[in-house]
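Q: Below you'll find the structure I mean.
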Amino acid sequence: MNHPSSADSRVIRGVCHHDCPDSCVWDVRVDNGRAVRLRGNTDHPTTAGELCPKVNRFLDRVYHPERLLQPLRRVGPKGSGEFEPISWPEAISEVATRLGRVIDDNGGSSVLQFSFDGTQGLIQKGVMADRFFDAIGASDIRRHMCGVTAWMGAADVYGLPFGVDPEELAHSRTVILWGTNTRLTNRHLWPTIEAARRRGATIVAIDPIRTNTAESADRFIQIRPGTDVALVLVMIHILDRDALIDRDWIDNHTSGWAKLRESASAMTPDRAAAITGVDVTTIEWLAHTYGEQRPAAIRTLVGPEHREHGRDIMRAVAMLPAITGSWSEAGGGLARSTQIYFETALGIDDADRPDRRRFNMADLGAVLGDGNLTPPVKALVVHNSNPAVICPDQNSVVQGLSRPDLFSVVVEQFMTDTARYADIVLPTTTQIEHLDLSIAWGHLYLALNQPAIAPVGDAFPNTEIFRRLAAEMGLDGPEFTDTDEELVRQLLDSDHEWLNDIDFESLRLQTWQRLSLAGDHRPHVSSPPATDDGLAHLGSLDYIAGFETPGGLSGLEAEFPLTLMSRKQHAKFLNANYGGFPEHSPAGGAPTLSIHPTDAAARRIAGGDTVRVFNRRGSLTLSAEISDATQPGLVTMPFGWWHRHSPENRGVNALTNPDSVDGVGSAAFHETLVEVRGID
Ligand SMILES: Nc1nc2c(c(=O)[nH]1)N[C@H]1C(S)=C(S)[C@@H](COP(=O)(O)OP(=O)(O)OC[C@H]3O[C@@H](n4cnc5c(=O)[nH]c(N)nc54)[C@H](O)[C@@H]3O)O[C@H]1N2
Ligand SMILES: Nc1nc2c(c(=O)[nH]1)N[C@H]1C(S)=C(S)[C@@H](COP(=O)(O)OP(=O)(O)OC[C@H]3O[C@@H](n4cnc5c(=O)[nH]c(N)nc54)[C@H](O)[C@@H]3O)O[C@H]1N2
Ligand code: SF4
Ligand SMILES: [Mo]
1 MNHPSSADSR VIRGVCHHDC PDSCVWDVRV DNGRAVRLRG NTDHPTTAGE LCPKVNRFLD
61 RVYHPERLLQ PLRRVGPKGS GEFEPISWPE AISEVATRLG RVIDDNGGSS VLQFSFDGTQ
121 GLIQKGVMAD RFFDAIGASD IRRHMCGVTA WMGAADVYGL PFGVDPEELA HSRTVILWGT
181 NTRLTNRHLW PTIEAARRRG ATIVAIDPIR TNTAESADRF IQIRPGTDVA LVLVMIHILD
241 RDALIDRDWI DNHTSGWAKL RESASAMTPD RAAAITGVDV TTIEWLAHTY GEQRPAAIRT
301 LVGPEHREHG RDIMRAVAML PAITGSWSEA GGGLARSTQI YFETALGIDD ADRPDRRRFN
361 MADLGAVLGD GNLTPPVKAL VVHNSNPAVI CPDQNSVVQG LSRPDLFSVV VEQFMTDTAR
421 YADIVLPTTT QIEHLDLSIA WGHLYLALNQ PAIAPVGDAF PNTEIFRRLA AEMGLDGPEF
481 TDTDEELVRQ LLDSDHEWLN DIDFESLRLQ TWQRLSLAGD HRPHVSSPPA TDDGLAHLGS
541 LDYIAGFETP GGLSGLEAEF PLTLMSRKQH AKFLNANYGG FPEHSPAGGA PTLSIHPTDA
601 AARRIAGGDT VRVFNRRGSL TLSAEISDAT QPGLVTMPFG WWHRHSPENR GVNALTNPDS
661 VDGVGSAAFH ETLVEVRGID
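When the letters of the sequence shown are read in order and numbered with the numbering used here, they come out as residues 1 to 680.
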């Protein structure tokens, strides 16, 4: 790909790389090699000329004075942030030598690759890195913190979790935003929701917290955290009782109805009200509106999955359209992540890759601290992630990162809380400096991100860093010399019909193309569910309280009676990307704890008071905000702030619960019991 020559002015098209469902297309104006303006593309169907408050000033990030522009070697203690600049040849040689030593002494699997969704571009996310770590036989993580639990829940029913195209919600007459904060996290879907509303749709939000989405809905149902299975069961109970089920659909497309019906019959409205905290009248209204005001669609992303039984919740919600047969109606069904469409079209699967030792990413702290692992983890390479901020049980993560015998390398754009603990930091490019192929999880447009400017400073794309490391370590297979363009071409080289008419040349000309799905494509109807028998699997369904919840078995409730949830909350944050930048912080410049008036009064806490929120994993000191957007028993803190914003030098994940079910699925972030005390 050519970079613009000097003395010219050009507009180059790219795609936002953030881990956000919207994958907006942007236009970058470049004058004499410098990007001077970045705007949402006006023709892209969902971007429609608008980016978002976090990315509108993206060029400030690209040219930020704190941007890492040279490789760095640590000179102070781990965590101190004291580094000296070194050259690329020195950096590559030192990393290769030290990784080589670790491999010689302890084997390839004593190196751990830790990467996540810093970019959604398929190339920079990890194609070359994965080839490198596969070749050295490094340990890997299960990237289960986001979306996998939701995937598994829906796949339990349908084999593969295809949902309807979110743009179809414009035709819905009922839209249930089930545990998703659309206006904040998926803002480019909101115009579609508004279009449905203009045509008479009722918009319902089901959430434990009165979010800005809940405030914009026609009806907000404030459910007790983690009790959604009971709400689904009672909806099925009422739909069945009042003959609102689609008996034909159930008979012809599903199995296990008798068992599900038995589970639902036990969930009476009174019992469900007692579990969920939603009154019987509202429950009856919800079931009837869903069953009668059709087409009715449910929208989910990941909110309720960050729980021990998150998979059950996602499975339960996914069953509803099978009960009413609403998959068959345009504007009905379940609109969930669209990522599976791209993975299917591009033929992405890991079947041909070597088996590597894998740990759940949520267990990073425990893994780094486990002296009994054979072999132990002796080297850590982090790219596209900031585990010191995003992983649960942050104190154990930081303790692990501080290990003097751990050699760690962090590939980053900024000196993040993770990078501060690295031995070597390698500077990497931003999205406007490299080529990539971008999928989406909120719509069906595949897009090509073209580099608008040359790399800033000495930054290299991730791909180039791993190419050089491979060469230095003597890995000389042809797979290590593919250029980024060749990697994109290889990915697009698929016979799948959804890629008909899409190739590198067409994307270069058009920037984005919708996957070629037929306009009337209906998941689980156009072709049967991808289960072994082609039927949607229903079966028994039970509400079980999570271990570390007020009704759960941990026994911690007496000491720590409050539940802490830490969702995405700030309009100018995107996970941990901006939590260290004052210009992205909300007024006040520090995270606050939201507590319900009832719980505040019981603890004599007033708004603005300094409080301590704590449990056995950690403790944080911050300012309290009294808010009835939460509910009694529930306190909330925003996720994404960097450590320096608390006196303890930690963020909310110092308190959160890392448990997953058998090491599979997301951590139970939102099932965290705490106590709060005022500080005199
Ligand atoms: N308490 C709590 N914790 C959570 C969550 C929550 O809701 N509450 N949410 C969870 C979820 S859903 C997610 S997805 C994770 C997010 O976890 P991550 O994916 O780790 O978080 P991000 O902040 O999106 O990205 C991490 C880093 O990637 C870097 N980056 C961006 N582009 C590139 C690139 O091209 N190359 C390289 N090398 N780096 C790049 C950025 O500078 C950033 O520091 O957090 C999880 N943790
Ligand atoms: N501005 C902004 N946008 C983002 C992000 C960001 O950090 N900032 N992060 C991006 C990422 S990585 C992701 S994964 C998406 C996430 O997008 P969403 O899934 O929409 O966001 P979350 O905040 O994780 O959760 C959504 C809602 O689920 C609710 N919830 C939690 N537990 C339960 C439950 O048990 N039942 C019900 N019914 N609701 C529950 C929470 O209160 C929250 O309001 O957002 C993406 N977009
Ligand atoms: S973060 Fe999301 S909404 Fe903002 S520009 Fe990127 S894709 Fe669009
Ligand atoms: Mo996520």
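Note that the Cβ used here is the ideal one computed from N, Cα and C, for glycine as well.
Measuring CB atoms only, is the region 629 to 640 touching the region 199 to 216, in the sense that at least three cross pairs come out at less than 8 Å?
A: yes
Q: Using only alpha-carbon positions, find the residue among L499, P658, A447, F414 that is nearest to L69.
A: The residue given as residue 69 occupies position 69 in the sequence shown. The candidate whose alpha carbon is nearest that of L69 is F414.
Q: What are the boundary residues of the alpha helix (DSSP H) that includes S627?
A: Taking the sequence shown and counting its residues from 1, one reaches residue 627 at position 627. No alpha helix (DSSP H) contains S627, which DSSP labels as neither H nor E.
Q: Using 8 Å as the threshold, is the region 67 to 86 in touch with the region 99 to 109, meaning 3 or more CB pairs across them?
A: no
Q: Excluding the five sequence neighbours on either side, which residues of its own chain have a C-beta within less than 8 Å of the C-beta of G310, listed in chain order?
A: Looking up residue 310 in the sequence shown gives position 310. T149, A150, G153, P304, G665, S666, A668.
Q: With distances taken Cα to Cα, identify the nearest neighbour of P529 among K78, H253, A214.
A: Counting from one through the sequence shown, the residue named residue 529 turns up at place 529. It is H253.
Q: From D22 to E648, what distance separates their C-alpha atoms?
A: For the purposes of this step, residue 22 is identified with residue 22 of the sequence shown, where counting begins at 1. For the purposes of this step, residue 648 is identified with residue 648 of the sequence shown, where counting begins at 1. Rounded to whole angstroms, D22 to E648 spans 35 Å at the Cα level.
Q: On the CB-based measure, 16 or more other CB atoms within 10 Å of its CB, does Y578 come out buried or exposed?
A: As a working mapping, residue 578 is identified with position 578 in the sequence shown. Looking at its Cβ environment, which holds 16 or more other Cβ atoms inside 10 Å, Y578 is buried.
Q: In angstroms, rounded to a whole number, what distance separates the CA positions of P387 and A447?
A: As a working mapping, residue 387 is identified with position 387 in the sequence shown. As a working mapping, residue 447 is identified with position 447 in the sequence shown. Straight-line Cα distance between these residues: approximately 28 Å.
Q: Between D140 and the rest of its own chain, which residues show a CB-CB distance below 6 Å, the 5 nearest in sequence each way excluded?
A: Within the sequence shown, the letter at position 140 stands for residue 140. Listed in chain order, the non-local C-beta contacts of D140 below 6 Å within the same chain comprise Q113, R356, R358, local neighbours out to five positions each way being set aside.
Q: Check whether the Cβ atoms of C16 and F58 lie closer than 9 Å to each other.
A: Sequence index remark: in the sequence shown, residue 16 carries index 16 (1-based). Sequence index remark: in the sequence shown, residue 58 carries index 58 (1-based). Yes. Within cutoff.
Q: Does ligand 1 have even one heavy atom less than 8 Å from the beta-carbon of K568?
A: For the purposes of this step, residue 568 is taken as residue 568 along the sequence shown, with counting starting at 1. K568 Cβ: within cutoff of ligand 1.
Q: Taking 8 Å as the cut-off, is the CB of C391 close to at least one heavy atom of ligand 2?
A: Residue numbering aside, residue 391 sits at position 391 when the sequence shown is read from its first letter. Result no, Cβ not under 8 Å from ligand 2.
Q: For the alpha helix (DSSP H) that contains P387, what are its first and last residues?
A: Mapped onto the sequence shown, residue 387 falls at position 387. Counting along the chain, the alpha helix (DSSP H) containing P387 begins and ends at 387 to 390.
Q: Using only the alpha-carbon positions, how far apart do E671 and S438 sit?
A: For the purposes of this step, residue 671 is taken as the residue at position 671 of the sequence shown. For the purposes of this step, residue 438 is taken as the residue at position 438 of the sequence shown. Looking at the two C-alpha atoms, the distance is approximately 33 Å.
Q: Nearer than 8 Å: is that true of the beta carbon of M314 relative to any heavy atom of ligand 2?
A: Locating residue 314 in the sequence shown gives position 314, counting from the first residue. Checking the Cβ of M314 against ligand 2 gives no.
Q: For P404, count neighbouring Cβ atoms within 10 angstroms of its own Cβ and tell me buried if that reaches 16, exposed if not.
A: On the sequence shown, residue 404 is found 404 positions in, with the first residue counted as 1. The residue in question, P404, is exposed, as its Cβ has fewer than 16 Cβ neighbours within 10 Å.
Q: Would the beta-carbon of I176 fall within 9 Å of that of V204?
A: For the purposes of this step, residue 176 is identified with residue 176 of the sequence shown, where counting begins at 1. For the purposes of this step, residue 204 is identified with residue 204 of the sequence shown, where counting begins at 1. The answer is yes: Cβ separation under 9 Å.
Q: Quick one: is G546 buried, meaning 16 or more other Cβ sit within 10 Å of its Cβ, or exposed?
A: Sequence index remark: in the sequence shown, residue 546 carries index 546 (1-based). Flag for G546 reads buried.
Q: Over the uninterrupted alpha helix (DSSP H) stretch that includes T213, give me the two end residues.
A: Within the sequence shown, the letter at position 213 stands for residue 213. T213: member of the alpha helix (DSSP H) spanning 212 to 216, first to last residue.
Q: Counting only runs of 4+ residues fully inside the region 366 to 447, write out the alpha helix (DSSP H) ranges in chain order.
A: Correct list: 387 to 390, 394 to 401.
Q: Establish whether the CB of P65 and some CB of chain B are separated by less than 9 Å.
A: The structure shown contains no chain B; it holds only a single protein chain.
Q: What is the rounded straight-line gap between the Cα of M128 and the Cα of T481?
A: On the sequence shown, position 128 is the one that residue 128 refers to. On the sequence shown, position 481 is the one that residue 481 refers to. Between M128 and T481, the C-alpha separation is close to 9 Å.
Q: Taking the C-alpha atoms as reference points, what is the distance between E505 and R489?
A: Along the sequence shown, one-based indexing puts residue 505 at 505. Along the sequence shown, one-based indexing puts residue 489 at 489. Approximately 9 Å, taken between the alpha carbons.
Q: If you scan the region 563 to 621 from start to end, which runs of the alpha helix (DSSP H) of 4 or more residues do you find wholly inside it?
A: The qualifying runs are 597 to 602.
Q: Any heavy atom of ligand 4 closer than 8 Å to the Cβ of N384?
A: Here residue 384 refers to the residue found at position 384 when the sequence shown is read from its first residue. Flag unset: Cβ of N384 not near ligand 4.
Q: If I'm right that G325 touches W257 with Cβ under 8 Å, what's the distance once you round it to whole angstroms?
A: Counted from its first residue, the sequence shown places residue 325 at position 325. Counted from its first residue, the sequence shown places residue 257 at position 257. With a Cβ gap of about 12 Å, G325 and W257 do not count as contacting.
Q: State the Cα-Cα distance for the pair N2 and R73, rounded to the nearest angstrom.
A: Residue numbering aside, residue 2 sits at position 2 when the sequence shown is read from its first letter. Residue numbering aside, residue 73 sits at position 73 when the sequence shown is read from its first letter. Its pLDDT being 48, under 50, N2 is placed unreliably by the model, and nothing is read from it.
Q: Quick one, which of Q431, H383, Q450, A318 has its alpha-carbon nearest A422's?
A: Position 422 of the sequence shown, counting from 1, holds the residue named residue 422. Residue H383 is the option with its Cα nearest to A422.
Q: Does ligand 3 have a heavy atom nearer than 8 Å to the CB of K572?
A: Counted from its first residue, the sequence shown places residue 572 at position 572. No, Cβ of K572 sits at least 8 Å from all heavy atoms of ligand 3.
Q: Who are the Cβ neighbours of G663 in its own chain at under 6 Å, not counting the five residues just before and after it?
A: Residue mapping note: residue 663 aligns to position 663 of the sequence shown, counting from 1. Once the five neighbours on either side are set aside, the close Cβ partners of G663 are N360.
Q: Please confirm whether G163 and P523 have their CB atoms less than 9 Å apart.
A: As a position in the sequence shown, residue 163 is number 163, starting the count at 1. As a position in the sequence shown, residue 523 is number 523, starting the count at 1. Against a cut-off of 9 Å, the Cβ pair of P523 and G163 comes out as a contact.
Q: Are the beta-carbon atoms of H536 and A322 separated by less than 9 Å?
A: Here residue 536 is taken as the residue at index 536 of the sequence shown, counted from 1. Here residue 322 is taken as the residue at index 322 of the sequence shown, counted from 1. The sequence shown places Ala at residue 536, rather than the His named in the question. Yes, the Cβ-Cβ distance between A536 and A322 is below 9 Å.
Q: If you draw a straight line from the alpha carbon of G338 to that of L233, how long is it in whole angstroms?
A: Numbered from its first residue, the sequence shown carries residue 338 at position 338. Numbered from its first residue, the sequence shown carries residue 233 at position 233. The identity of residue 338 in the sequence shown is Thr, whereas the question assumes Gly. Their Cα atoms are separated by approximately 26 Å.
Q: Where E548 and A454 are concerned, what is the direct C-alpha to C-alpha distance, given to the nearest angstrom?
A: Position 548 of the sequence shown holds residue 548. Position 454 of the sequence shown holds residue 454. The C-alpha of E548 lies about 50 Å from the C-alpha of A454.
Q: What are the boundary residues of the beta strand (DSSP E) that G40 is part of?
A: Here the question's residue 40 lines up with position 40 in the sequence shown. Unbroken beta strand (DSSP E) run through G40: 34 to 40.
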